[in-house]
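Here the sequence shown stands for residues 1 to 1118, numbered as in UniProt numbering.
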Amino acid sequence: MNYASPPELRALREGDPLIDNGRFLLGDWTIDVAAHRIARGDDVIALEPRPMAVLAELCRRSGEVVTADTLLDACWPGQVQGDNQVHKVIAGLRRALQDAAASPRYIETIRKQGYRMIAPIRVLSDGGPRSLSGAWRGASPFRGLEPFGTEHAAVYFGRDEAIKQLHRRLGEQQARGHALVVLLGPSGSGKTSLVRAGLIPAMLAAPAPGDARVRACTATVLDLGALDETGPWQALAGALLDWEIGSVALLSGHSIASLAALLRAEPDDVLRLLRIGLQARRAGNQDLPLLVLDRLESLFGPAMAAGLPDFLDCIGRLVRSGMALVLAVCRNDVYPSLSSHRLFMHDKEHGAHMDLAPPDAQAIMQMIRLPARAANLVYGSDASSLNRLDDRLCADAMQAGDALPLLQYTLQALYLARAPGDELTWAAYDALGGLEGAIGSRAEAILAALPVAQQAALTRLLPRLVTLSADDASPSSRSVTGASLADVHERALVDALIEARLLVADRLGGGEIGFRVAHEALLRRWPRVTAWIAQHRATLTARAELGPWVRRWLDSGRARTCLLPRVPLLWQSRDAVRAAPQLFGRDEHDFVTRSQARLTALARWRVGALVGALALALTAGLVAVHNAQLADTVTARERQSRRLATFMLGELADQLRPIGKLDLLGSIGEQGLQVLNPQDVRDELPADTLQRAKALVVIGEVNSSRGTQQLAMAGTALARAYALLAAMGPAPGLDSGEYYKTLGASAFWLGQIAYDAGRLDDATVQMNRYRMASQAWLAAAPAHPQARAELGYALGSLSSIAMRRGRWVDAQRGFEASLALKLAVLADHPDDIDAQDAVASARAWLGQLAHLKGNNRRALALYDTARTVQQRLQQARPGEAVRLRDLGVIESRRAEALQALGRHLDAIAARQAGARWMRQALVAGASNAFWQAESLLADSALLLAQSDAGMSVTAEMTALQRRLAGHDQAGQAIREWRQSAVQARLVIAAQALRARDPAKGRAEASAAAQDIRGLMAQYPYLWQGRELQARAAMLLLQAEAGAATSPYPAAQCKAARSALQPAIDTGQAGFVREAWLVARACAGEGAITGADVQTLTQGGYRPQSPAFLKAVSTRIAP
């Protein structure tokens, strides 16, 4: 059924986070909604809940005419009242606000229409009251990828609590005599904006009466991430010279160069000058200057290692002098490096470290709505007018990993594309590709509009613009000087990207103009760049490791003794330079070449010493050769047999795999394994070993899906193949692509067997081996499309394990990286069927993840895109059974999204299509145990969907139960068979309750719940199991309640809530969250609030259970 929101839910959905939950100024009254209190000066008036609800509703719709019916719907939900109730409350509010109907200053009566709030509403924050309407004119209130600055404080919302906490901690550390606080958070968490637009204005503002918090007399920001070749000392000197009181510098009389030299040589002299400057200019004011060390993580790279102790000692002296407040802003992923320096660990246990938490839904709502209101912007709706763009933005932002930079960039893009009337439109947001697609789409569109020569310059620019973090190899931006641009095409590209605000131009320390990525989210969200990084990750890592050695060599005057010794890094660097010379500079090329030449010279004299010994050994060897010739004749014949067997297996497998006929090779069992797995392989050539390993992988692949007895054989064959190849290594003359592909395939199938059995630790080990083999292949052949595709498959496999474990953030990142690699392959080879299939598969996985997180609109869009590709490929190759099976899986996933969106008939149609595709696939793969189980699972899910729609499925259920009874409960794919049995029980339970047989319904639902508990004990993160668990819980509540008006038993409710809590903790949404809300409400542990409903439905989900509708209509919180 479609779920229509009642009026009270619509009002809650459209609520303003500030009005609903905060304190704000209405004219000269302070309104505290949560406390039901208004205050002005010494006058404090308590309001009853109903008048406060009416006041909040009028403020929420400030400037609009609100009818009496609207107020009744919003403030008297579910009650039949007349307009007289509204008139009485309005009269009471006017008395409380000391307002007059004849000359209103707060509530205006519009004859025969309604009421309108006309008093200004302002935000209360650390920086003082800020207007909510019309305070920001003539410019965008959004910052795109750039951070907010102090000049944007008027439109910086959503972080008041974090500002207060950081402000308080600085004061506490000053009182402890060590005024240094470290602000930690991930890249893109808004640390810089928090400090510049939130903390600094608050600390520079005049204190309110009774406010004893620490203040700053002046403030400056040192951006350590924008350092150029002049280094940190001149940057620090420039920052300290920016300390001014009344336009007079505290450290006057110095240039940047002279102050930098003094800081480095005699820091105590600088402190003496600072003391003199403070005494002369503060005029009795004891406020201290504030120094912000932004992007502190830049100090911990190899380039800074030599001079870092002296620099930090200077900062430490400044902190201990008591003459300055210091705030260090650092990414939390470099905490191990940070913790090795005592300066930053001082007083950690007393609050000197603050972790910046991500904004919650209320904060994000403020970030979206309040700047728009300040700039007189309005958000549009979809075609139905039921869904507002600001709600959609908030829902999407809550699910995005890089929420703040993505959100700000998208809001800025919407502002630039605003419609007449300053409306930010739904259509513009769709055109951008949503929140996650906005940055990448914008960047790609800008690049595509440039001439081909400028587009080609991007690949030359990226090596200088992108580096990898020394701690976790994550991509980050580095500043590049304008002088390094090689030609007019690079300069034109940079100008275009700066114009689009994808790059930012800075004046570096030496006065030279440079540029950098506006925000590192671009490096993670632009598919072209993420694919380039993935392709060159191994080389970039090698370059990062080589960097300190090169700098040491250059600092020594290119001394021979500072060249690389005989270490693995030399061979790794040599291979990386050969594979991608464009990623290395001239000095790096020279260093690697000279290091290798030095080792070659050292090796020559060793060769001479060995010649004599080898001559003696050769004489002895000639005698041995004659004796071995007879044995070689025998072994040669055996080797020829193995070659023939491996060749035939490989060729046949490649032809049979796409059409699902690998089972024809199933007769190759232990005898084939013995032939291909001899004990003595000392005489075997590397090419023969590779062929034998390929054949063993085929045996493993064939037997991995043919039942429990064959699994042991499959594991033996695959383990032997991996051991053979790992021991041999990529031998000279061997096709490296075939070697790494086979090595990765053996690890993949071992991982797949472990994954299917629920042994996720073993699966992770094997899939990591698969990933490493793929990365090595890509490093050896960077231009090979299949190497990139295999790495994408490997990342997808690891992500599917993360998804099974409930680690959805890791899974999201992995699937996106996998998709980026596959899209890069597809871009270069648009007609490659394997590439098209790979992209469709990655999108289907991302769709499943979106469904789990409650974003079913996005899930359906991803599924539909993947289905279109698979249908086209199936039409091109109708005989491929694997394609039929994949279509069946995608249709099943589409059905789940459609069901969640309330499109039940469409969901049934998708279930029918999925079951049909599965049956067609089984014609070719009847012996595949997993396909059989998936087909049965699709059929049982279809019956469940039809039962939900009120259809009779008695005959179909009888046939399904016969198939279940004929299954060997100890066989393979037991998880899928058990899920099918549970779904069958749930159908029977639902049919019984519909037939008013609560006893049978209770018995079947209880049995299903018991079966699910066993299933979840073995597979604790099986998300489908959690949905079945939720279904069973709802059916049990319905059975226990009996009549529709009966209360649900509290004990049953508590049991259901506890059972579903693990899924809620991992973030699972949809029906699971719906059932959990019902269980929580009927257990008396919390009514279903408007915020709960908004969270549940923000991705398009439509509640479906009668229990939920009952709980909403009778127990929703005001």
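Each residue gets a CB set at the ideal place from its N, CA and C atoms; glycine is no exception.
- Assignment of residue 793 by DSSP, reduced to helix, strand and coil, places it in the helix class.
- Scanning its chain for C-beta atoms nearer than 7 Å, with the 5 sequence neighbours on each side dropped, one finds around residue 980 the residues 936, 937, 940 and 964, in chain order.
- Fully contained in the segment 480-551 are the following beta strand (DSSP E) runs of length 3 or more, in chain order: 503-507 and 513-517.
- Within the segment 871-899, no run of beta strand (DSSP E) at least 3 residues long lies entirely inside it.
- Per the C-alpha coordinates, the member of 67, 86, 816 and 1037 positioned closest to residue 1003 is 1037.
- Between residue 97 and residue 86, the beta carbon gap of about 16 Å keeps them out of contact (Cβ cut-off 8 Å).
- Restricted to the UniProt DNA-binding region "OmpR/PhoB-type" (21-119), the alpha helix (DSSP H) segments that are unbroken, complete and at least 4 residues in length are 49-60, 68-75 and 83-97, listed in chain order.
- Taking C-alpha positions only, residue 242 is separated from residue 158 by approximately 29 Å.
- In this structure, DSSP gives residue 182 an extended state, which the three-state scheme calls strand.
- Runs of alpha helix (DSSP H) with 4 or more residues, each lying fully within the segment 415-479, are found at 426-432, 434-448 and 452-465, listed in chain order.
- Approximately 6 Å separates the beta-carbon atoms of residue 1084 and residue 1050; this is inside 8 Å, confirming the contact.
- Counting every other CB atom within 10 Å of its CB across the protein chains shown gives residue 253 a total below 16, marking it as exposed.
- Rounded to whole angstroms, residue 889 and residue 942 show a C-alpha spacing of 13 Å.
- Residue range 325-331 is occupied by the beta strand (DSSP E) that includes residue 329.
- DSSP lists 291 as the beta-bridge partner residues of residue 220.
- A distance below 9 Å separates the beta carbons of residue 870 and residue 840.
- Within its own chain, the residues whose Cβ lies closer than 8 Å to the Cβ of residue 563, once the five positions on either side in sequence are excluded, are 553, 591, 594, 595 and 598, listed in chain order.
- Considered as a whole, the segment 372-415 harbours 389-399 as its complete alpha helix (DSSP H) runs of no fewer than 4 residues, in chain order.
- In the DSSP secondary-structure assignment, residue 248 is bridged to 245.
- Residue 199 and residue 407 have their C-alpha atoms roughly 21 Å apart.
- Around the beta carbon of residue 854, 16 or more other beta carbons lie within 10 angstroms, which makes this residue buried.
- In the displayed model, residue 951 falls within coil according to three-state DSSP, outside both helix and strand.
- Taking a contact as a CB-CB distance under 8 Å, the pair residue 231 and residue 250 does not count as one, their CB atoms being some 23 Å apart.
- Taking C-alpha positions only, residue 58 is separated from residue 1101 by approximately 29 Å.
- The closest CA to that of residue 259, considering only 335, 38 and 233, is found on 233.
- Residue 415 holds the alpha-carbon nearest to the alpha-carbon of residue 376 among 223, 856, 415 and 884.
- When secondary structure is reduced to three states using DSSP, residue 121 falls in the strand class.
- Taking every protein chain shown into account, the CB of residue 848 has 16 or more other CB atoms within 10 angstroms, so this residue is buried.
- Here residue 272 is exposed: its Cβ has fewer than 16 other Cβ atoms, across all protein chains shown, within 10 Å.
- Secondary structure within the segment 974-1044: the alpha helix (DSSP H) runs of 4 or more consecutive residues, fully enclosed, are 974-994, 998-1018 and 1023-1041 (chain order).
- Three or more pairs of CB atoms, one per stretch, sit closer than 8 Å, so the segment 384-394 contacts the segment 424-440.
- In the displayed model, residue 350 falls within a helix according to three-state DSSP.
- For a cut-off of 8 Å, the C-beta gap from residue 850 to residue 789 is around 23 Å, too long to register as a contact.
- Residue 405 is positioned such that its CB atom lies no closer than 9 Å to that of residue 446.
- Non-local beta-carbon contacts of residue 1008 in its own chain, meaning distances under 6 Å to residues more than five positions away in sequence, involve 982, 985, 986 and 1032 in chain order.
- In the DSSP assignment, residue 355 forms a beta bridge with 184.
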